[in-house]
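Engineer: What follows is a single structure, and I will ask about it in a moment.
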Amino acid sequence: MSSKLASLNDWVASVAQLTQPDAIHWCDGSDAENARLVGLMLANGDLIKLNEQTHPDCYLHRSSPTDVARVEHLTFVCTTHPADAGPNNNWMAPDEAHGEMDALYKGCMRGRTMYVVPYCMGPVDSPLSRCGVEITDSPYVVANMRIMTRMGAQALARIERDGSFVKGLHSVGELDPDRRYIMHFPEELMIQSYGSGYGGNALLGKKCHALRIASYQARTEGWLAEHMLIVGIENPKGETHYVAAAFPSACGKTNLAMLIPPEGYRRDGWKVWTVGDDICWMHPGADGRLYAINPEAGFFGVAPGTSEKTNPNAMAMLNHDAIFTNVGITADGQPWWEGMSSGQPVKDWQGRDYDKSVSPAAHPNSRFTVSAKHCPSYTAKAEDPEGVPISAIVFGGRRASLVPLVFEARDWTHGVLVGAAMASETTAAATGAVGVVRRDSMAMKPFAGYNFGDYFGHWLSFDKPGAKLPKIFQVNWFRKDADGKFMWPGFGDNMRVLEWMLKRVTGQAEAVETPVGNLPKPGDLNVDGLDLDPAVLEQLLTIDRAGWKEEMAHIGEYLEGFGDRTPAALEAERARIAAQLA
Ligand code: GTP
Ligand code: SPV
Ligand code: MN
């Protein structure tokens, strides 16, 4: 087979020439094709069948133990000029990077099949969507791409119509951490990945295309590609407001996107609708509002901590047609991870006999892959080619101290500063130390395909005459007390914070103004039915002026790191707040 697009055929031929596969397979995305690939992976050990009664058509994949997370230190943005990649990225000259990658790819697919995977990010009929083709030698990647994107014949038809696509080349190589690179060539709309089979390193439609390449494209085309969930909040009158929220990896996006409101809210008729849990593409619409699509078609979610108590919507979608990566398994072949309320693991994620004292059953970054259509709260609006209008943008991270439960930015410029200044504790989603606080602007530190200074400027540029921009908020679900316990119950109770935000959006609540931002007035945050010490709530909603003064100084140093690419307006905003705190 081949396509009607000469540029695609030529590229596939040149990759085959370089990598020397035994066979080439063009993926059509059909059930039959998927069944064949699953059969092949069951035979070669890539997949293990789970309990057919409790989990029909579910499989466990055990990765190489040294290939369990994104590798930020091996991820590069290869622009002609290093300053275009910025201090927020690793940079390599495009020629040098191509040389390195060609050497790795040379003959790497001998004895393997090369899969050509056409995919569309976003509804196939949406003008906001963009397409790509991933060439890979991993059937596991093909099976995951089939869930995570609109993959196959329909995507290929659109690519042939559009005449353009992002080129992604992936090989698992030897799965050797010393022979591993995730390279991006934004000027060529190209991605090259070698040596890893893990999600963000290997499913190239996700972080590599939909964030790094897309953010670069979005800057030149006047839109935003962001690491954000999209959730719809329907009030008892039946009005739905959509909220987009950027939290760093493993900081609560999937959970907020699938939130089930507390009982009192459900009784009153509040409903929550899931549009997306990881990536959001936003375009200014004709009416001046920002319209968002979820470019993905599935969820690649963190397994540990997902339970009937924390995320019942997720649990409900995980009992059929799902792929589990690096979780434990029970004696009767059910998936198991830490935080589950029942069951008992017998094997850990590496297939060893489970021994609590040696290792958790599931790797902390173990994941599930599942179609969005399985999610009980998934809304048909997620398939709307126009996207959904965004009423509020939320930034949040893991901050054990200082950052209050919620505050509102006074205007767009202040909101962009709040996003740029975000910091969060690192998590198991990326290789390296966990729990270290680092700046993670807009939760895009690992994902912006260009210089953060330019990126902040791009964000500021949306504030122009006629624009009806969302309000911007910061939240922190992760404040801890002196004993190291989370102070806020989180999960479903985050609904209370969302309600206050929407009251601000619709002008139904006042706020206490502080230099840092606007906080809920005492009594305005609905705590009905919540078992929370009022003193704790007060602490969660208090600004520590001395702490913030210091924070503002650190933010100043951080912004200075982007030199003259940092917009003057952003530094002026920071200086204004610092002066008010002094
Ligand atoms: P990525 O897929 O890596 O981008 O992560 P994510 O942002 O979607 O994070 P996710 O919702 O999967 O949550 C990651 C971890 O944080 C899980 O272990 C959750 O149980 C935990 N978590 C999520 N929301 C809350 C919350 O409101 N409070 C607390 N304490 N923990 C939470
Ligand atoms: C993240 O790390 O933010 C994820 C998982 O959503 S990955 O696809 O690996 O990037
Ligand atoms: Mn993510």
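Numbering (my numbering), first residue to last: 1038 to 1619.
Even for Gly, the Cβ is constructed at its ideal location relative to N, Cα and C.
1. I need the boundaries of the alpha helix (DSSP H) containing G1486, first residue and last residue.
2. Ends of the beta strand (DSSP E) at W1307?
3. At which residues does the beta strand (DSSP E) containing R1404 begin and terminate?
4. When the Cα atoms are used, what is the spatial distance from P1372 to V1339?
5. Going by other Cβ atoms of all chains shown within 10 Å of its Cβ, with 16 needed for buried, is E1345 buried or exposed?
6. Going by the C-beta, is W1514 closer than 7 Å to any heavy atom of the ligand GTP?
7. Pick out whichever of L1497, D1104, D1518, G1082 has its Cα sitting closest to the Cα of T1603.
8. What residues match up with V1153 in a beta bridge as DSSP calls it?
9. On the premise that H1278 lies in contact with S1428, defined as a C-beta separation below 8 Å, what is that separation, rounded to the nearest angstrom?
10. May I ask which residues mark the beginning and end of the beta strand (DSSP E) holding V1114?
11. Given M1377, which residues of its chain have a CB within under 6 Å of its CB, disregarding the five upstream and five downstream residues?
12. In terms of DSSP beta bridges, what is M1319 paired with?
13. If you follow the beta strand (DSSP E) that I1430 is in, where does it begin and where does it stop?
14. Looking at C-alpha atoms only, which residue of Y1152, M1295, D1094 is the closest neighbour of P1349?
15. Nearest to I1219 by CA position, among K1505, T1416, D1581, L1141, is which residue?
16. Restricting to Cα atoms, I'd like to know which of P1299, Y1235, A1460 is closest to A1466.
17. Going by beta carbon distance, what residues of the same chain come within less than 7 Å of E1610, once the five residues before and after it are set aside?
18. Less than 8 Å separating the beta-carbons of S1403 and V1440?
19. Any heavy atom of the ligand SPV closer than 7 Å to the CB of G1301?
20. Taking the alpha helix (DSSP H) that P1557 belongs to, which residues open and close that run?
21. State the CB to CB distance for the pair M1185 and A1334, rounded to an integer number of angstroms; the pair is presumed to be in contact (CB under 8 Å).
22. Whose CA, out of V1407, G1301, A1192, G1200, lies closest to the CA of S1067?
23. Taking E1271 as the reference, give the member of D1530, S1414, M1182 with the closest Cα.
24. On a CA-only basis, which of G1388, N1331, A1287, L1574 is nearest T1468? Give me that one, please.
25. Name the residue from D1065, A1122, T1117 whose alpha carbon lies nearest to the alpha carbon of F1599.
26. Between S1039 and H1062, what straight-line distance do the alpha-carbon atoms span, to the nearest angstrom?
27. Should G1169 go down as buried or exposed, given a rule of 16 or more other Cβ atoms within 10 Å for buried?
28. Heavy atom of the ligand GTP less than 7 Å from the Cβ of D1565, yes or no?
29. How far does the alpha helix (DSSP H) with S1044 in it reach, from first residue to last?
30. Should S1286 be counted as a contact of the ligand ZN given a C-beta to heavy atom distance under 7 Å?
31. List the residues that DSSP assigns as beta-bridge partners of N1127.
32. For H1357, which residues of its own chain have a beta-carbon under 8 Å away from its beta-carbon, when the five flanking residues on both sides are left out?
33. If you count every other CB in all the chains shown that lies within 10 Å of the CB of Q1511, and 16 or more means buried, which is it?
34. How about H1264: is its Cβ closer than 7 Å to a heavy atom in the ligand MN?
35. Do R1217 and L1111 have their C-beta atoms within less than 8 Å of each other?
36. For H1098, list the residues DSSP reports as bridge partners.
Structural biologist: Straight from the coordinates:
1. First-last for G1486: undefined, no H or E at that position.
2. Segment: none, W1307 is in no beta strand (DSSP E) and carries neither H nor E.
3. 1404-1408
4. 13 Å
5. exposed
6. yes
7. L1497
8. W1063, I1172
9. 4 Å
10. 1112-1114
11. S1344
12. L1261, A1329
13. 1425-1433
14. M1295
15. L1141
16. Y1235
17. T1450, H1451, L1454
18. no
19. no
20. P1557 -> not in any alpha helix (DSSP H); beta strand (DSSP E) instead, spanning 1555-1557.
21. 6 Å
22. A1192
23. S1414
24. A1287
25. A1122
26. 9 Å
27. buried
28. no
29. 1043-1056
30. Within the structure as shown, the ligand ZN is missing, the only ligands being the ligand GTP, the ligand SPV and the ligand MN.
31. F1113
32. H1092, P1093, D1094, C1095, H1411
33. buried
34. yes
35. yes
36. T1362
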